[in-house]
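Our numbering applies: residue 5 is where the sequence shown begins, and numbers increase by one.
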Amino acid sequence: MKEATGELNMTVITIIAIGAIIAFFWLLWPNIQNSINDQWENISDNDYHLNN
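So, in structure tokens, the structure goes:
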């Protein structure tokens, strides 16, 4: 019975850890996406000015 309890505890810890990682990226994704878009626009603007 002790072994089953240990496995259950590891399962619960794993589920909580996965949930925490998902929540972390869920909250930060808009900032990451904005940063990527801003840098992409800077690259596109630089290419446009270099070619014209």
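Every residue, glycine too, gets a C-beta built ideally from N, C-alpha and C.
Straight-line gap, residue i to residue j (C-alpha atoms, nearest Å)
i	j	result
A21	N46	36 Å
A24	T9	22 Å
N38	I26	19 Å
T15	Q43	40 Å
L31	S48	28 Å
Neighbourhood of residue i by C-beta distance below 7 Å, restricted to the same chain and skipping five residues each side
i	result
I40	none
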